[in-house]
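First up is the structure itself, then whatever we jot down about it.
In UniProt numbering, the protein residues as written are 1 to 558.
This is how it looks when you write it as structure tokens:
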């Protein structure tokens, strides 16, 4: 599309009127799963959401919120709030995660970016440390990406590099660690021939060293820290190959659980502790098992374990691991640049827009919704309101969070007549779900449902339309399950699931302003979050751009 023939003007929808007030409500972490005792949405009193589901079947359906539907590489990838809101706002599917890293490496763009230039400042006098999962599993990391990163860095002035490897055995076959180490050692030998001082410095199994998640067990991260940063571990070897082969020979050994080891020189000194002036890259592209290490590497104030030393380093992640925490501050591959989002189109077509959430999800309903872009498109037509989240407590201590305040702000905006679209995120299901506290999550779901009712009541008063949906699952399944779907036990206790899920999410439409004959189509069975943008544009009386994912609704003559 040449810039000359591009127009922001959206064509009018042939059958749907303009001028209706539309509330777009995103319930964070609200998926659809079988009703059981670990489904907090099912257990909670949620009369409003229940009534939407039990209402007209043509006004309620499920959409996909994980995997390829939100630009992630595989159907085993859980959705998250960042990619979910990107898809909801953009109306198209953009490469996220591993795909994004592949594109940046193929084009060489990764080496021109701010993140790489930042770590490069250490190449002259310091050491580059690469930490991550040594695997071609493609779930958390991929060996070929590490190889390309090493090659690119060595062509750009790298003098010393140390790798801190985590063996897999979970996303790939147990025992494959030996071949991965051999491959890496061959690559490092070639780098040494070119004059780069390149060695593996430490290692350990992913489930026992470094790669814990959701703050489940900080001792896992500490074991890694001791080996990677301090150069201390219970096992010392002359080479990584010797290390992995020896440790695998122990009874019941498994790649996932290899104990931490360090590589030492002839005098018994660790070959690669992390010290002041060094650079560190965590090369996993998947966030959940790198976030805890990222906090330890980056946070000045840190009390999860005694770090002993906190080296002054240049640290970058492969990607930004947490959009809410802005963690880490530097990363090698930026989020996708998303142009022509639905928010920008609608504002440029005169749609006055109000967006609101509390701090933990305010960026999602603004920045991520608008294609990873800060600020207003047109401050005369837009107002964004952030309600401060509770701080200094965990969210299960006050699970109602700011749901009522968000709903009241939305109600005021609806009743004011100043806005055509009122967009909110209700974070309760997700933020409380992450704590793993089932009782609190039930309270959280009830609070979110009450907030939805306040908003729908206001829409009723002004003759408007509502669209209620979610960004990914969480609160609907709070237990880890085995392959057959039964709850997993550990020491006789069920294991609580604090993560997102792979479940689909609901979308409901309605309100007195909904034109007769509007219903969900039957011919978009695999519809996902990216289909919501065109749907909302239609309800505002416009046709969506031709390259948007298709609308979920049709208008049949009654």
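Even for Gly, the Cβ is constructed at its ideal location relative to N, Cα and C.
DSSP state of residue 89, grouped into three classes?
Numbered from 1 along the chain shown, position 89 holds the residue referred to as residue 89. Shown here, residue 89 sits in a helix according to DSSP, grouped into three states.
From what residue to what residue does the beta strand (DSSP E) around residue 237 run?
Locating residue 237 in the chain shown gives position 237, where the first residue counts as 1. Counting along the chain, the beta strand (DSSP E) containing residue 237 begins and ends at 235–237.
If you reduce the DSSP assignment to three classes, tell me which class residue 173 lands in.
In the chain shown, the residue the question calls residue 173 occupies position 173. Residue state, collapsed to three classes: coil.
Between the C-alpha atoms of residue 3 and residue 199, what's the straight-line distance to the nearest angstrom?
The residue you call residue 3 lines up with position 3 of the chain shown. The residue you call residue 199 lines up with position 199 of the chain shown. Annotation note: pLDDT 47 at residue 3 (below 50); position unreliable, coordinate value reported separately. If you take the alpha carbons of residue 3 and residue 199, they lie about 50 Å apart.
Is the Cβ-Cβ distance between residue 507 and residue 532 less than 8 Å?
Walking along the chain shown from the start, residue 507 turns up at place 507. Walking along the chain shown from the start, residue 532 turns up at place 532. Cβ distance < 8 Å, so residue 507 and residue 532 count as in contact.
Do you know offhand how far residue 144's Cα is from residue 204's?
Your numbering for residue 144 matches position 144 in the chain shown. Your numbering for residue 204 matches position 204 in the chain shown. Distance between the alpha carbons of residue 144 and residue 204 is about 20 Å.
Pairing CB atoms from the stretch 22–33 with CB atoms from the stretch 462–482, are three or more of them under 8 Å?
yes
Starting from the N-terminal side, write out each stretch of the alpha helix (DSSP H) that is 4 residues or longer and does not extend beyond the stretch 217–287.
218–228 and 240–248
By alpha-carbon positions, which one of 85, 256 and 462 ends up nearest to residue 133?
As a position in the chain shown, residue 133 is number 133, starting the count at 1. The candidate whose alpha carbon is nearest that of residue 133 is 256.
Are the CB atoms of residue 369 and residue 148 within a distance shorter than 8 Å?
For this step, residue 148 is matched to residue 148 along the chain shown. For this step, residue 369 is matched to residue 369 along the chain shown. When the beta-carbon positions are compared, residue 148 and residue 369 stay at least 8 Å from each other.
Nearest-angstrom Cβ-Cβ length linking residue 410 and residue 422, presumed shorter than 8 Å
By one-based count along the chain shown, residue 410 stands at place 410. By one-based count along the chain shown, residue 422 stands at place 422. Yes, they are in contact, since the Cβ atoms of residue 410 and residue 422 sit about 5 Å apart, within 8 Å.
Please state whether the Cβ-Cβ distance between residue 115 and residue 279 is less than 8 Å.
As a working note, residue 115 is residue 115 in the chain shown. As a working note, residue 279 is residue 279 in the chain shown. Against a cut-off of 8 Å, the Cβ pair of residue 279 and residue 115 comes out as no contact.
Just list the alpha helix (DSSP H) runs in the stretch 65–130, keeping only unbroken ones of 4 residues or longer that don't cross its boundaries, in chain order.
Whole alpha helix (DSSP H) segments, 4+ residues: 81–90, 98–107 and 114–120.
At which residues does the beta strand (DSSP E) containing residue 201 begin and terminate?
As a first step, residue 201 is located in the chain shown; it is residue number 201 there, counting from the start. Its beta strand (DSSP E) spans residues 197–205.
Excluding five sequence neighbours on each side, which residues of the same chain lie with their C-beta closer than 8 Å to the C-beta of residue 1?
Translated into the one-based positions of the chain shown, residue 1 becomes position 1. A caution first: residue 1 carries a pLDDT of 43, below 50, which makes its placement in the model unreliable, though a value can still be read off. Within the same chain, residue 1 has no close Cβ partners at all.
Using only the alpha-carbon positions, how far apart do residue 273 and residue 293 sit?
Start at 1 with the first residue of the chain shown, and residue 273 comes out as number 273. Start at 1 with the first residue of the chain shown, and residue 293 comes out as number 293. When rounded, the distance between both Cα atoms is 16 Å.
Residues near residue 360 in its chain [Cβ-Cβ closer than 7 Å; skip 5 each side]
Stepping through the chain shown from its first residue, residue 360 is reached at position 360. Excluding residues within five positions, the ones whose Cβ falls inside 7 Å are 324, 389, 427 and 431.
When the Cα atoms are used, what is the spatial distance from residue 258 to residue 206?
Here residue 258 is taken as the residue at index 258 of the chain shown, counted from 1. Here residue 206 is taken as the residue at index 206 of the chain shown, counted from 1. Cα-Cα distance, rounded: 8 Å.
Taking the Cβ atom as the reference point for each residue, do residue 86 and residue 338 lie within a distance shorter than 8 Å?
Within the chain shown, residue 86 is the residue found at index 86, counting from 1. Within the chain shown, residue 338 is the residue found at index 338, counting from 1. Taking 8 Å as the Cβ cut-off, residue 86 and residue 338 qualify as a contacting pair.
Say whether the stretch 45–52 touches the stretch 514–524, bearing in mind that this needs 3 or more beta-carbon pairs closer than 8 Å, one atom from each stretch.
no
Kindly indicate which three-state DSSP category residue 376 falls into: helix, strand or coil?
Along the chain shown, read from residue 1 onward, the residue named residue 376 stands at position 376. DSSP, read as helix, strand or coil, puts residue 376 in coil.
The stretch 67–76 in contact with the stretch 91–111 per 3-pair CB rule at 8 Å
Yes: at least three Cβ pairs fall under 8 Å.
Let's test the definition: count the other Cβ atoms within 10 Å of the Cβ of residue 202 and tell me whether it reaches 16, buried, or not, exposed.
Numbered from its first residue, the chain shown carries residue 202 at position 202. Buried.
Can you tell me whether residue 526 is buried or exposed, with buried defined as 16 or more other CB within 10 angstroms of its CB?
Along the chain shown, read from residue 1 onward, the residue named residue 526 stands at position 526. Residue 526 comes out exposed.
Ends of the alpha helix (DSSP H) at residue 24?
Within the chain shown, numbered from 1, the residue matching residue 24 stands at position 24. Run containing residue 24: none in the alpha helix (DSSP H); it sits in the beta strand (DSSP E), 22–27.
Taking the C-alpha atoms as reference points, what is the distance between residue 326 and residue 320?
What you label residue 326 is simply residue 326 of the chain shown in a count that begins at 1. What you label residue 320 is simply residue 320 of the chain shown in a count that begins at 1. So the alpha carbons of these two residues sit roughly 7 Å apart.
Rounded to whole angstroms, what's the CA-CA distance from residue 333 to residue 124? Just pull it up for me.
Here the question's residue 333 lines up with position 333 in the chain shown. Here the question's residue 124 lines up with position 124 in the chain shown. So the two alpha carbons sit approximately 23 Å from each other.
Would you identify the three-state DSSP class for residue 2, choosing helix, strand or coil?
Within the chain shown, numbered from 1, the residue matching residue 2 stands at position 2. Low confidence applies to residue 2: its pLDDT is 45, below 50, so where it sits in the model is not reliable enough to give any reading.
Mind reading off the beta-carbon distance from residue 221 to residue 296? Whole number of angstroms is fine, and I expect it under 8 Å.
The count along the chain shown starts at 1 and reaches residue 221 at position 221. The count along the chain shown starts at 1 and reaches residue 296 at position 296. Between residue 221 and residue 296 a beta carbon distance of about 6 Å is seen, short of the 8 Å cut, so the two are scored as contacting.
Output the distance between the C-alpha atoms of residue 353 and residue 375, rounded to the nearest integer angstrom.
To locate residue 353, count along the chain shown from 1; it is residue 353. To locate residue 375, count along the chain shown from 1; it is residue 375. Using only the alpha carbons, I get a separation of about 13 Å.
For a test of the three-state rule: what should DSSP assign to residue 459, helix, strand or coil?
Translated into the one-based positions of the chain shown, residue 459 becomes position 459. If DSSP states are grouped into helix, strand and coil, residue 459 belongs with the helices.
Check: residue 385 C-beta below 7 Å from any heavy atom of the ligand GDP:
By its list of ligands, the structure shown contains no ligand whatsoever, and the ligand GDP lies outside what it can speak to.
Between the Cα of residue 387 and the Cα atoms of 415, 356, 379 and 366, which residue gives the shortest distance?
Counting from one through the chain shown, the residue named residue 387 turns up at place 387. That would be 356, whose Cα lies nearest to the Cα of residue 387.
For residue 548, which of helix, strand or coil comes out of DSSP?
Your numbering for residue 548 matches position 548 in the chain shown. In the structure shown, residue 548 sits in coil (DSSP, three-state: anything other than H, G, I, E or B).
If we ignore side chains and look at the alpha-carbon of each, how far apart do residue 473 and residue 118 end up?
Along the chain shown, one-based indexing puts residue 473 at 473. Along the chain shown, one-based indexing puts residue 118 at 118. If I take the Cα positions, the gap works out to 36 Å.
Rounded to the nearest angstrom, what separates residue 335 and residue 250 at their Cα positions?
Here the question's residue 335 lines up with position 335 in the chain shown. Here the question's residue 250 lines up with position 250 in the chain shown. For residue 335 and residue 250, the distance between alpha carbons rounds to 43 Å.
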